[in-house]
Each structure stands twice: as C-alpha cells, then as structure tokens.
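Each remark here refers to the structure printed beneath this line.
Numbering (the numbering used here), first residue to last: 529 to 795.
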C-alpha cells in the first residue's frame, strides 16, 4: 500500500459515508462519534441487544471497545460479533486495558476468537497482553495506559495476525501496522495526543470507517489520524484545544496535505 492508496480510501469514506456501529465505552462516545463525523463517516452508538441484529444488517462495520466492561455488555458484544459474521462485516476490536484484569484479557480473546473479519487496534501493552504466552512477551501496563513502546509489541502483533488471521495496529509514538504480508511504520502524530482521553478509541472508530469501504489493514486510519493530530497540535496550547482542533483538522484534511505530511516507512 502506498500514500495514494490511503488518499483513495479517505475519498471513498467521504463519498460513501459508511455507517459504523460502535459498542464503545461511556468515556469516549462523544469523541469517537465526532471523529467519525468530522472525517466523513456516519456513527451510531448501539448497545441494546434488541436492535443489534437489525443494525448490523445495514452497518458497514462493527467497532467493539471494552473500555467500560461488564457482564451485560460482554454478551451483547458477542451477539454483535455473531451478527457481523452473519452479514460479512469487518470487526474492529479495541482491547482497552487488556492485561490490567483477567476479565478484560479473557473477554478480548473471546471476541477476537469469534470475529471472522478482524482488525485489532491497541497500544503496545494491550497487544502484548492479548497475545499472552503465545508471543513469549510480558506486558507492562498501568490501567489502560501503555508502558511499552510500539516496537516491543511487534512480535506479539505478528503472533496475533497468524493466530486470529487478522490485521493489527499498534498505536503509540510510532504507529506500527502488521498484516499477513506487510508491516508499516508511521511517524506522525504528536506527544500531546496521549493527554486527550480516548485518542486511541477514536483511531479504532476511524479504522472501522475505512474497513467499511474495504481498507481492512488499519493503515489508512492511523495515517489520517496521525497527520490530523500533528496539524491540530501545531495550533493548540494544550489538550483542551487539541480536542477541538483535531476535529477541524480531520474535517479539512485534503489529499495534498496528507501526501505531503505523511511519514511512512516499510521495513
């Protein structure tokens, strides 16, 4: 995949305005919905089992974020994955805090095992914890925050790609995208971004929008959010203004700016 492919995918999202069904946490619902809208997609937050089957039939992708997990939500998430599989829709899993508790780790693995078209987006510690002993790695996490650098999770991501037949996005100072036949590293973004809650959750939601139009690696979403975050940070004095400026940057991002500013390498 090259920069032009990413630009084409962004254009497809804006033209098709795919509906992205989010089962996400209470903390970030507003952030992720606004992020999807600003980029050109259409978000819906659905949590009732009574409507998930109907919603999944006409949604373009399912995004599952386990940030505020409980027993009721777990079964709804599993049911939503079943419906996504039935309708041939991609599933984006955001294993928030995986490794911080056995509930989060076990639930993340259940969802990953069940999804037939899977993309995993997490920070390095979450990716390492999700892979577990299969990748011979040990995660260092503090709640939902990563204490590992992206590079430390590459072997774990490769293991997950093989085990779950999926793509993996490791987000961090460097975003690393691992698929069954390629790896990419993105060097955009800004050090202020981790000080805004739900920034990774927004990336997961955007990943769902791109997956809905056929870009199922996670690369385009990471590229777009990284460049938009970089632009927003240049205009911001702190995390508060960064949240607002990020939405404007997503909304205004054009092909020329994306191609000029994207710093991508393929080792």
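Glycine included, every Cβ here is placed at the ideal spot set by N, Cα and C.
Contact check, residue i vs residue j, beta carbons under 8 Å
i	j	result
residue 712	residue 541	no
residue 729	residue 558	no
residue 649	residue 732	yes
residue 628	residue 656	no
residue 536	residue 726	no
residue 699	residue 706	no
Proximity test, Cβ basis, 8 Å: residue i and chain D
i	result
residue 734	Looking at the structure shown, chain D is missing, and only one protein chain is on hand.
Residue range of the unbroken beta strand (DSSP E) whose run includes residue i
i	result
residue 592	589-593
residue 529	Looking at the DSSP string, residue 529 is not in any beta strand (DSSP E), and its letter there is neither H nor E.
residue 698	695-699
residue 711	711-714
Contacts around residue i, its chain only, beta-carbon distance under 6 Å, and the 5 residues preceding and following it disregarded
i	result
residue 534	748, 751
residue 736	548, 589, 591, 620
residue 724	767, 770, 771
residue 637	none
residue 654	623, 626
residue 743	537
Residue from the options with nearest C-alpha to residue i
i	options	result
residue 550	579, 614, 538, 544	579
residue 581	567, 661, 617, 552	617
residue 530	745, 773, 762	745
residue 598	785, 760, 635, 677	635
Continuous alpha helix (DSSP H) stretch holding residue i: start and end
i	result
residue 776	767-780
residue 757	747-762
residue 682	682-692
residue 597	That residue, residue 597, is in no alpha helix (DSSP H); it is neither H nor E in DSSP.
Neighbourhood of residue i by C-beta distance below 7 Å, restricted to the same chain and skipping five residues each side
i	result
residue 545	568, 569, 570
residue 566	775, 778, 779
residue 577	604, 607
residue 615	584, 585
Cut-off 8 Å between Cβ atoms - residues of its own chain near residue i, not counting five sequence neighbours on either side
i	result
residue 794	710, 711, 712, 713
residue 572	547, 548, 549, 550, 583, 587
Examine the Cβ distances between the segment 704-721 and the segment 753-767 and report whether three or more of them are shorter than 8 Å. yes
Are there three or more Cβ pairs, one per stretch, closer than 8 Å when the segment 688-706 is compared with the segment 602-609? no
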